[in-house]
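Chemist: My questions all concern the structure below.
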Amino acid sequence: MTTVPPTAAAPLVDPFGRTVSYLRVSVTDRCDLRCVYCMAEDMSFLPKAEVLTLEEIDRVCSAFVKLGTRKLRLTGGEPLVRKGIHELIHSLGRHVKAGDLDELTLTTNGTMLFKYAGDLVEAGVRRINVSLDTLDPHKFQAITRWGRLDKVLGGLQAAKEAGLQVKINTVALKGVNDDEFHRLVGWCGEQGFDLTFIEVMPMGEIGDEARLDQYLPLSLVRAELAKRWTLDEIDYRTGGPARYVRVAETGGRIGFITPLTHNFCESCNRVRLTCTGTLYMCLGQEDAADLRTPLRLSDDDGLLVQAVRDAIARKPKGHDFIIDRRHQGPAVPRHMSVTGG
Ligand code: SAM
Ligand code: SF4
11 MTTVPPTAAA PLVDPFGRTV SYLRVSVTDR CDLRCVYCMA EDMSFLPKAE VLTLEEIDRV
71 CSAFVKLGTR KLRLTGGEPL VRKGIHELIH SLGRHVKAGD LDELTLTTNG TMLFKYAGDL
131 VEAGVRRINV SLDTLDPHKF QAITRWGRLD KVLGGLQAAK EAGLQVKINT VALKGVNDDE
191 FHRLVGWCGE QGFDLTFIEV MPMGEIGDEA RLDQYLPLSL VRAELAKRWT LDEIDYRTGG
251 PARYVRVAET GGRIGFITPL THNFCESCNR VRLTCTGTLY MCLGQEDAAD LRTPLRLSDD
311 DGLLVQAVRD AIARKPKGHD FIIDRRHQGP AVPRHMSVTG G
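Just so we're on the same page, my numbering is the position in the sequence shown counted from 1, plus 10.
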């Protein structure tokens, strides 16, 4: 039986006055795809012993909920390939049902949605983000190195039928999917999906692909879209860093996540937990706190809560991502699949 220390009620506020109310959890570093901008083909994954059990992930998440976290996002690697994931999602859903959590959600590549869409809704998940960079099956296979587009499209259909709201995440890749942005906008409009474009971030060694070749500033994407679509500014926010417009012709929303061309750190409300129990206070910085040790040292949450508070007290002001001719290496050595974006 875990106990809540008396300090647990005080919210998590960092040194810059930002309240931390959003926890993203990478439940596994493993994935059934190998997207070229995210992983090397021959990735080595963590030994299972280093990875938190699902019960331990539940305990950390629940401690965060007691500390004022209102939004939980499961990510990865691919969250839906972790064995027993539906049990974790069901268990965490109790916080939504109790009103202690506003949102339980996940970011997925969609390959397993055909199996889990119904489970997610039952557990209290209302919205999901699905990553999809192209509607062309050959390109999809090239980007993901071995994925099948039809499986993802089938999963999206299952999500829709189950009643999940879907937001598509598309990484803008120069020379790869930049000829498909209009098509993606139209398709998302038809399907009733929101669409968010993401700039490639310099994280982790990824093999031969040079980042400078992939990088496409979203200012250019937006300018291109504006040639065909009427983009109306709206002040819709999802608690994340995306800025949204509404497409007058489709009624759909388009978000832009611009870590490189627009620094979104001033409103950052989030921290990220890896599947080994390491807490990163900033996506673009290396400083991290080990939560696995305090978690395993005692069944009481006192040490864990103290470690979380100490970590939040060190949350940095922002990241220093930059991609140009002089900075082609990763800003941080870890891959996106470690912290889940
Ligand atoms: N496997 C799941 C998926 O693909 O949605 C969840 C994890 S994935 C790391 C989360 C998001 O990060 C995806 O939308 C992916 O496209 C994005 N991503 C991965 N590497 C990235 C990079 N270097 N720059 C920008 N986005 C990246
Ligand atoms: Fe896997 Fe997601 Fe990374 Fe693609 S972006 S390799 S689906 S973790």
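Glycine included, every Cβ here is placed at the ideal spot set by N, Cα and C. Every value quoted in this text rests on a predicted model; they were computed, and no experiment measured them.
Out of curiosity, what's the CA-to-CA distance linking Gly157 and Leu22?
Modeler: Taking the sequence shown and counting its residues from 1, one reaches residue 157 at position 147. Taking the sequence shown and counting its residues from 1, one reaches residue 22 at position 12. Distance between the alpha carbons of Gly157 and Leu22 is about 40 Å.
Chemist: Going straight from the alpha carbon of Asp300 to that of Arg319, what length do you get?
Modeler: Working through the sequence shown from its first residue, we reach residue 300 at position 290. Working through the sequence shown from its first residue, we reach residue 319 at position 309. One C-alpha to the other measures close to 12 Å.
Chemist: To the nearest angstrom, how far is the alpha carbon of Leu283 from that of Cys292?
Modeler: Translated into positions along the sequence shown, residue 283 becomes position 273. Translated into positions along the sequence shown, residue 292 becomes position 282. Distance between the alpha carbons of Leu283 and Cys292 is about 11 Å.
Chemist: Cutting at 6 Å between CB atoms, please list the residues of its own chain near Lys325, excluding the five before and the five after it.
Modeler: Along the sequence shown, read from residue 1 onward, the residue named residue 325 stands at position 315. Answer for Lys325: Asp24, Met291, listed in chain order.
Chemist: Quick one: measure Cβ to Cβ for Leu33 and Thr286, integer angstroms, because I've assumed they're closer than 8 Å.
Modeler: Numbered from its first residue, the sequence shown carries residue 33 at position 23. Numbered from its first residue, the sequence shown carries residue 286 at position 276. Not quite, the Cβ-Cβ distance comes to about 15 Å (not below 8 Å), so this is no contact.
Chemist: Return the CA-CA distance between Gln316 and Val70, expressed in angstroms with no decimal places.
Modeler: One-based indexing of the sequence shown puts residue 316 at position 306. One-based indexing of the sequence shown puts residue 70 at position 60. Going by the C-alpha atoms only, they are around 12 Å apart.
Chemist: So Leu163 is in the alpha helix (DSSP H); what residue range does that whole segment cover?
Modeler: One-based indexing of the sequence shown puts residue 163 at position 153. That run of the alpha helix (DSSP H) goes 159-172.
Chemist: Quick one: grab the DSSP three-state call for Phe124.
Modeler: Numbered from its first residue, the sequence shown carries residue 124 at position 114. If DSSP states are grouped into helix, strand and coil, Phe124 belongs with the helices.
Chemist: Does the count of Cβ pairs from the region 140-152 and the region 98-110 closer than 8 Å reach three?
Modeler: no
Chemist: Below 7 Å CB to CB, which residues in the same chain sit around Arg193 once its five sequence neighbours on both sides are set aside?
Modeler: Residue mapping note: residue 193 aligns to position 183 of the sequence shown, counting from 1. Result list for Arg193: Leu145, in chain order.
Chemist: Specify the secondary structure class of Thr240 as computed by DSSP and reduced to three states.
Modeler: For the purposes of this step, residue 240 is taken as residue 230 along the sequence shown, with counting starting at 1. Coil.
Chemist: Taking the straight line between their C-alpha atoms, what separation do you get for His96 and Asp129?
Modeler: Here residue 96 is taken as the residue at index 86 of the sequence shown, counted from 1. Here residue 129 is taken as the residue at index 119 of the sequence shown, counted from 1. His96 and Asp129: Cα-Cα distance of roughly 7 Å.
Chemist: Any heavy atom of the ligand SF4 within a distance shorter than 6 Å of the CB on Gly87?
Modeler: Position 77 of the sequence shown, counted from the start, is the residue given in the question as residue 87. It does: the Cβ of Gly87 is within 6 Å (strictly closer) of some heavy atom of the ligand SF4.
Chemist: Which of the three DSSP states, helix, strand or coil, is assigned to Ala233?
Modeler: What you label residue 233 is simply residue 223 of the sequence shown in a count that begins at 1. DSSP places Ala233 in helix when its eight states are reduced to three.
Chemist: Considering only the alpha carbon of each residue, which of Ile244, Val37, Glu296, Thr79 lies closest to Asp110?
Modeler: Within the sequence shown, numbered from 1, the residue matching residue 110 stands at position 100. Nearest of Ile244, Val37, Glu296, Thr79 to Asp110, Cα basis: Thr79.
Chemist: Where do the N-terminal and C-terminal ends of the beta strand (DSSP E) with Arg282 fall, by residue?
Modeler: Reading the sequence shown from its first residue, position 272 is the one you call residue 282. Note, Arg282: beta strand (DSSP E), 280-283.
Chemist: So what does Leu313 bridge to, in DSSP terms?
Modeler: By one-based count along the sequence shown, residue 313 stands at place 303. For Leu313, which the question treats as bridged, DSSP gives no partner whatsoever.
Chemist: Compare the Cα-Cα distances from Thr288 to each of Arg28, Val37, Ala20 and report the closest residue.
Modeler: Taking the sequence shown and counting its residues from 1, one reaches residue 288 at position 278. Selected option, being the one with the closest Cα: Val37.
Chemist: Going by beta carbon distance, what residues of the same chain come within less than 6 Å of Phe203, once the five residues before and after it are set aside?
Modeler: Translated into positions along the sequence shown, residue 203 becomes position 193. Taken in chain order, the residues that qualify are Val176, Ile178.
Chemist: Roughly how many whole angstroms lie between the Cα atoms of Leu56 and Glu259?
Modeler: Against the sequence shown, residue 56 aligns to sequence position 46. Against the sequence shown, residue 259 aligns to sequence position 249. Taking the straight line joining both Cα atoms gives about 46 Å.
Chemist: Beta carbon of Phe207, beta carbon of Val231: below 7 Å?
Modeler: Stepping through the sequence shown from its first residue, residue 207 is reached at position 197. Stepping through the sequence shown from its first residue, residue 231 is reached at position 221. Taking 7 Å as the Cβ cut-off, Phe207 and Val231 qualify as a contacting pair.
Chemist: Return the CA-CA distance between Leu353 and Ile153, expressed in angstroms with no decimal places.
Modeler: The question about residue 353 has no answer here: the residues shown for the chain are numbered 11 through 351.
Chemist: Find out if the Cβ-Cβ distance for the pair Gly94, Leu64 is shorter than 7 Å.
Modeler: Taking the sequence shown and counting its residues from 1, one reaches residue 94 at position 84. Taking the sequence shown and counting its residues from 1, one reaches residue 64 at position 54. Cβ distance < 7 Å, so Gly94 and Leu64 count as in contact.
Chemist: If you follow the alpha helix (DSSP H) that Phe74 is part of, which residue opens it and which one closes it?
Modeler: Locating residue 74 in the sequence shown gives position 64, counting from the first residue. Per DSSP, Phe74 belongs to the alpha helix (DSSP H) from 64-76.
Chemist: Just to check, is the beta-carbon of Asn187 closer than 6 Å to a non-hydrogen atom of the ligand SAM?
Modeler: Here residue 187 corresponds to residue number 177 of the sequence shown, with the count starting at 1. The answer is no for Asn187.
Chemist: Determine whether the beta carbon atoms of Gly120 and Gly199 lie at a separation below 7 Å.
Modeler: One-based indexing of the sequence shown puts residue 120 at position 110. One-based indexing of the sequence shown puts residue 199 at position 189. In this structure, Gly120 keeps its C-beta atom at 7 Å or more from the C-beta atom of Gly199.
Chemist: Determine which residues share a DSSP beta bridge with Ile138 and list them.
Modeler: Residue mapping note: residue 138 aligns to position 128 of the sequence shown, counting from 1. Answer by DSSP bridge pairing, in chain order: Leu116, Val176.
Chemist: Cβ of Cys275 versus every heavy atom of the ligand SAM: is any distance shorter than 6 Å?
Modeler: Counting from 1 along the sequence shown, the entry for residue 275 is found at position 265. No, the beta carbon of Cys275 sits no closer than 6 Å to any heavy atom of the ligand SAM.
Chemist: Classify Gly294: buried if its beta carbon has 16 or more other beta carbons within 10 angstroms, exposed otherwise.
Modeler: Along the sequence shown, read from residue 1 onward, the residue named residue 294 stands at position 284. Buried, because 16 or more other Cβ atoms sit within 10 Å of the Cβ of Gly294.
Chemist: Taking Cβ to Cβ, would you say Leu159 is nearer than 7 Å to Thr118?
Modeler: Position 149 of the sequence shown holds residue 159. Position 108 of the sequence shown holds residue 118. No, they are not a contact pair.
Chemist: How would you label Gly265, buried or exposed, when you count the other beta carbons within 10 angstroms and need 16 or more for buried?
Modeler: Counted from its first residue, the sequence shown places residue 265 at position 255. Per the 10 Å Cβ criterion, buried.
Chemist: Is the beta carbon of Glu113 sitting closer than 7 Å to the one on Lys81?
Modeler: For the purposes of this step, residue 113 is taken as the residue at position 103 of the sequence shown. For the purposes of this step, residue 81 is taken as the residue at position 71 of the sequence shown. Yes.
Chemist: With DSSP as the reference, please indicate the residues paired to Gly265 in a beta bridge.
Modeler: Looking up residue 265 in the sequence shown gives position 255. DSSP, once it has assigned bridges, lists Thr206, Tyr254 as partnering Gly265.
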